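Only one structure is covered here, and it is reproduced in the block below.
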Amino acid sequence: MIPLIGLIVGILLGLFLEPTIPLALQPYLPIAIVAAMDALFGAFRAYLDGNFTDRVFVVSFISNVLIAAAIVYVGDQIGVGSQLSTGVVVVLGIRIFTNAAAIRRALFHA
Amino acid sequence: MPEPRPSGRPRRAAAHRSLGLSPRHRAQRRAQQAAAQEPEPLQPETPQLQTPDQEPSAPAENLQDGSVAEASNPDRSQQDQSPPAPDARRRLWHSLASPGRGQLIAAVILFVVGLGGVMQVRINNADDTYTNARREDLVQLLDGLGSESRRLEGEIADLERTKTSLQSGADTQRVAREEAEKRVEVLSLLAGTVPAEGPGIRLRIADPSGKVDADVILDAVEEMRDAGAEVIEVNNAIRVVASSWFATGPDGLLIDDSPVSNPITIEVIGDPHSLEEAARFRGGIVSEITGPTIGGQVQIEQLDRVVVESLHSPVPNQYAQPASPPPTPR
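First to last, the protein sequences are chains A and B.
My numbering numbers the first residue of the first sequence as 1 and each following residue consecutively.
My numbering numbers the first residue of the second sequence as 1001 and each following residue consecutively.
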């Protein structure tokens, strides 16, 4: 319940305060969000499976986001930024689908 | 730290996993997965293999393994579903009822994710007019812009040409007007329709015996013109022009039907030195007038500024017409 409230508060704050991030960080935000979503789904799955640990969750969240952003940054530096970000999105998308499938199985037996 | 996890969840998970993977299931799965990679059975034991101060099985790693297993054989999802479900649901309800520290952290992280997501959506919406356009559309757009700019450049060139021609037209008109004005000046000086001034000489002829007649004055005018006289005036009243005539009437000298009184003053605009020389040369006007035949006196002074204010009123030509139309000023 509290996580849902946090999500809603975040969305509302983003909608009403209209924060902006520095232009230099803008290319990494989408990838970071996808990585964060992956970490969230993984955490939810782990929670349903019973082996959720908040410390692991925080560490994996932060490291996922940072590594995704770093990959895109390196890709930008060596000229394959769009390809690398596509690859990262594909991998994270696969993981998200897998986690979603596990959650689905855990919750709905299907 | 023998048991790092709060509440007996991991043990329960391990329990249900081992419950879920009955020997029959395991056998089936082994049969299906002939290949050596089989990460799923190892999972429940991973926490036990770790040293106590290490964190138990990071979710991401677990999930990675799970995903590999899931991707490798999707049909297995039918098999290990029944036992964990009630547990998971119960845990979900329990979490809704009694939130803990983990939920707070999750809330914070979800807050961050929601904030970032909204920001990204906003950024994406702000400038997606061209970022989401396909390459063909962009190429077409660029083409359109290129042809448009070419068309506008042609228009600019046309307008520039028009402007130049108008400017040069105005210039030629101005030049023609200046030319015409110059001609008008020259011609009106010649025709005596405007006052004139300039360096020149003044000639005073004293003729006590009245023997200075038209011939003498005509000679004087001819001499002056020969010396480059531009404007000639007699007695401050008569402008000598191209059509002037000289005659000797019963009352004395006549120029253009006007009587010329004695003494006669002739003002001439031209080079003063040449004019005086022309008047004084041997056998010229001065010697003629001062000669024994006339016995008059001539006084000549060179002036820096001679003002001729008398005008000749031109009479329209009655018979003569220009033979060809005057050239159009260009």
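Ideal Cβ positions, reconstructed from N, Cα and C, are used throughout, including at glycine.
Predicted model, so just to flag it, every value in this text is computed and none were measured.
- For leucine 1253 of chain B, the enclosing beta strand (DSSP E) has its first and last residue at 1252-1255.
- Counting along the chain, no beta strand (DSSP E) covers glutamate 18 of chain A, and no H or E run does either.
- Nearest to valine 1240 of chain B by alpha-carbon distance, out of B:Pro1250, B:Ala1229 and B:Gly1249, is B:Ala1229.
- Interface annotation, arginine 1101 of chain B: in contact with chain A, CB-CB separation under 8 Å.
- If you look at leucine 1203 of chain B, you'll find it in the beta strand (DSSP E) that goes 1196-1206.
- With at least 16 other beta carbons inside 10 angstroms of its own, alanine 1106 of chain B counts as buried.
- For glutamine 1120 of chain B, the residues of chain A that pass the 7 Å Cβ criterion are Leu29, Pro30 and Ile33, in the order they occur in the chain.
- Residue B:Ile1300 holds the alpha-carbon nearest to the alpha-carbon of serine 1274 of chain B among B:Gly1252, B:Pro1250 and B:Ile1300.
- In the three-state reduction of the DSSP assignment, glutamine 1297 of chain B falls in the strand class, which pools E and B.
- Using a Cβ distance threshold of 8 Å, alanine 1220 of chain B and isoleucine 1266 of chain B count as a contacting pair.
- Among the CB atoms of chain B, none fall inside 8 Å of the CB of valine 72 of chain A.
- Here isoleucine 1269 of chain B is bridged, per DSSP, to B:Gly1200 and B:Val1231.
- Contact annotation: alanine 1237 of chain B and serine 1258 of chain B have beta-carbon atoms nearer than 8 Å.
- Beta-bridge partners assigned by DSSP to threonine 1248 of chain B: B:Leu1253.
- Using a CB distance cut-off of 8 Å, valine 9 of chain A counts as an interface residue toward chain B.
- Non-local beta-carbon contacts of leucine 40 of chain A in its own chain, meaning distances under 7 Å to residues more than five positions away in sequence, are absent.
- Cβ neighbours of tyrosine 28 of chain A within its own chain (closer than 6 Å, five residues either side excluded): Ala69 and Val72.
- For proline 3 of chain A, the three-state secondary structure derived from DSSP is helix.
- According to DSSP, valine 1241 of chain B shares a beta bridge with no other residue.
- Rounded to whole angstroms, the separation of the alpha carbons of methionine 37 of chain A and aspartate 76 of chain A is 22 Å.
- Taking all protein chains shown into account, histidine 1094 of chain B has fewer than 16 neighbouring C-beta atoms within 10 Å of its C-beta and is therefore exposed.
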